[in-house]
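Residue numbers (this note's numbering): 13 to 443.
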Amino acid sequence: MTSKDLQAVRGTRDFYPDDMRLRSWLFAHFREVARCFAFEEVDAPIVEHEELFTRKAGEEIVDQLYHFELHERRLALRPEMTPSIARMVLARHKQLKYPLRWFAVTQNWRYERMTRGRKREHFQWNMDIWGEESVNAEAELIAAIFSLLQRVGLGDGQVKIRVNSRALLEETLLEGVLKQRPDAFAPLCVIIDKLDKIGKEAVIDQLSDPNGDVGLSQAEAEETVSLLEIKDFEEAAARAPQDSAAIAQLRQLFDLLQGYGVMEHVVFDASIVRGLAYYTGIVFEGFDARGSLRAICGGGRYNRLLETLGGPATPAVGFGFGDVVIAELLQDEGLLPDCVRCIDAMIFPFEEEQRPAAARLATQLRAQGKSVELVMAKKKLRRVFSDAETSGAQELYLLGSDEVGRGVARLRNLQSGEECDVPLPDSLSLD
RNA sequence: GUGGAUGUAGCUCAGCUGGUUAGAGCACUCGGUUGUGGUCCGAGAGGUCGCGGGUUCGAGCCCCGUUAUCCACCCCA
Numbered sequence: 013m014t015s016k017d018l019q020a021v022r023g024t025r026d027f028y029p030d031d032m033r034l035r036s037w038l039f040a041h042f043r044e045v046a047r048c049f050a051f052e053e054v055d056a057p058i059v060e061h062e063e064l065f066t067r068k069a070g071e072e073i074v075d076q077l078y079h080f081e082l083h084e085r086r087l088a089l090r091p092e093m094t095p096s097i098a099r100m101v102l103a104r105h106k107q108l109k110y111p112l113r114w115f116a117v118t119q120n121w122r123y124e125r126m127t128r129g130r131k132r133e134h135f136q137w138n139m140d141i142w143g144e145e146s147v148n149a150e151a152e153l154i155a156a157i158f159s160l161l162q163r164v165g166l167g168d169g170q171v172k173i174r175v176n177s178r179a180l181l182e183e184t185l186l187e188g189v190l191k192q193r194p195d196a197f198a199p200l201c202v203i204i205d206k207l208d209k210i211g212k213e214a215v216i217d218q219l220s221d222p223n224g225d226v227g228l229s230q231a232e233a234e235e236t237v238s239l240l241e242i243k244d245f246e247e248a249a250a251r252a253p254q255d256s257a258a259i260a261q262l263r264q265l266f267d268l269l270q271g272y273g274v275m276e277h278v279v280f281d282a283s284i285v286r287g288l289a290y291y292t293g294i295v296f297e298g299f300d301a302r303g304s305l306r307a308i309c310g311g312g313r314y315n316r317l318l319e320t321l322g323g324p325a326t327p328a329v330g331f332g333f334g335d336v337v338i339a340e341l342l343q344d345e346g347l348l349p350d351c352v353r354c355i356d357a358m359i360f361p362f363e364e365e366q367r368p369a370a371a372r373l374a375t376q377l378r379a380q381g382k383s384v385e386l387v388m389a390k391k392k393l394r395r396v397f398s399d400a401e402t403s404g405a406q407e408l409y410l411l412g413s414d415e416v417g418r419g420v421a422r423l424r425n426l427q428s429g430e431e432c433d434v435p436l437p438d439s440l441s442l443d
């Protein structure tokens, strides 16, 4: 239909006014929840040095970078917000007052194959807490997620959050199969993250690949995978090392979530490890209860990220919440709001002679903060009404020679149909 | 990457086994006379049928290629 170079690039979206109203609606909820939780908004450039994102743990996110070289600098569009936030924290870590509660609503880029719920650019609501070691931070973040879900109408169990702790798995493995190679833990997590998608056998194959980053034996790989199949927290606690710190933390978190009143929608799941290498402790992800969509949001604790950038050890935890999957879920559930255009007033001067008066009235109303459309072209009154209707205007001001001569405008309430004269701004009487 | 489906008006789509000037609904424009809408009525505009080849007397329809979108799988957040 249209030539290729006139189409939006594959995997990207144009936001027309209708789409944009919906997006703004969602973002407004993101921001309002963040405000209620006393988080401060930050932002960073969408383009960063490529090295900020390239970590060596076999993460696919690194292969999916939109990157380019410009004047001998290797640059990349951010695939996620956390590294940029970490960079910002690092740059001012000596003057910042912890704990930080920061959030951002950002556009992220990943070059990947598209399917339902996955585009190459998408927006994410990112909430991070820096400088808090306790699971009180995780609890606040998970509560914030439920607050958002509640606001958009998904608070009745349509979304559940799976929680696990990488530390739990790490404790067990470092005493066992990874005793000699603790470094293999991060790449191991990246592989385990795929369990749901590629299945048990494929994960065992990858873990036991002699040329891979992990290189377990077949038996070790099978043992590892069996640890992930635990869905019952008490069973996991029973199988964990005695006095396990990870179990204690999870228990503490679950108690807290009880207090926030959200625990009924939270489940323990030992297979959740997340696909990013930097997570160190508790990890979690939100998914629709029917399980028909991809993860809605996800996050976890990354206490060593700042160190890997050369900074001081700083505990941190955060999550990302994408705009695409949530919109699909809302649509499936019939919960997308009708975001119709709605302005406060339309002003119509019948003839050009009344335009100066109309302009003053518009200026006055706009100064009051109203959204006012001043009709620019000459048109039939019938047309003006119909245009006012489609613009969602509440009021229509009509200015004919008679009205302006009397220093008034005819004001019609478009809902009730009631009309009355209202005085024009004083200065107009001089005209 | 593999398989399938789709691509006809601005939008959603119809178009029987190939046959004359390609249709509908919605949207749009104008009108139903002078300054009162959302309804109704009438009229109008708008399409090289994704693109390129081929078969045929004749192609929106058949064949080949190509491109885009969607779905599934593969792959992966």
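Every residue gets a Cβ at the ideal spot worked out from N, C-alpha and C, and that includes glycine.
Note that this is a predicted model, so its numbers are computed, not measured.
Judged by DSSP in its simplified three-state form, Glu-234 adopts helix. Contact check for Glu-124 against Leu-87 fails: the beta carbons are separated by 8 Å or more.
Boundaries of the alpha helix (DSSP H) around Phe-266: 257-272. An exposed status is given to Gln-270, since fewer than 16 other beta-carbon atoms sit within 10 Å of its beta-carbon.
By the C-beta criterion, the region 246-256 is judged not to be in contact with the region 120-135, since fewer than 3 inter-stretch pairs fall below 8 Å. Cβ neighbours of Val-45 within its own chain (closer than 7 Å, five residues either side excluded): Ala-156, Ser-159, Leu-160, Arg-163. Annotation for Phe-296: the continuous beta strand (DSSP E) segment containing it runs 294-300.
Contact check between the region 307-316 and the region 286-298: three or more CB pairs, one atom from each, fall below 8 Å, which counts as touching. For a cut-off of 8 Å, the C-beta gap from Asn-138 to Ala-116 is around 5 Å, short enough to register as a contact. DSSP links Phe-360 through a beta bridge to Leu-410. For Ala-156, the enclosing alpha helix (DSSP H) stretches over residues 148-163.
Contact check for Gly-312 and Ile-294: beta-carbon distance about 6 Å, within the 8 Å limit, so the pair qualifies. For Glu-81, the secondary structure class from DSSP, reduced to helix, strand or coil, is strand. For Gln-343, the enclosing alpha helix (DSSP H) begins and ends at 335-344. Note on the region 102-128: whole beta strand (DSSP E) runs with a minimum of 3 residues are 112-121, in chain order.
Under the 10 Å beta carbon count, Asp-335 is surrounded by 16 or more other beta carbons and is classified as buried. Contact between Arg-122 and Ile-73 holds: CB atoms are separated by about 7 Å, below the 8 Å threshold. With fewer than 16 other Cβ atoms inside 10 Å of its own Cβ, Ala-214 counts as exposed. In this structure, the alpha-carbon of Leu-38 lies about 11 Å from that of Cys-351. Boundaries for Glu-182: no beta strand (DSSP E) harbours it, while the alpha helix (DSSP H) harbouring it runs 178-187, taken from the DSSP string. Here DSSP, grouped into helix, strand and coil, assigns Pro-435 to strand. About 4 Å separates the beta carbon of Glu-407 from that of Ala-357, a gap short enough to meet the 8 Å contact definition. In terms of CA proximity to Ala-103, Gly-322 leads the group Gln-261, Gly-322, Glu-364, Ala-198.
Asp-140 sits in a strand when the DSSP states are folded into three classes. Check the Cα spacing between Phe-65 and each of Arg-47, Ile-97, Val-54, His-41: the tightest is with Ile-97. Contact annotation: Leu-180 and Ala-258 have beta-carbon atoms nearer than 8 Å.
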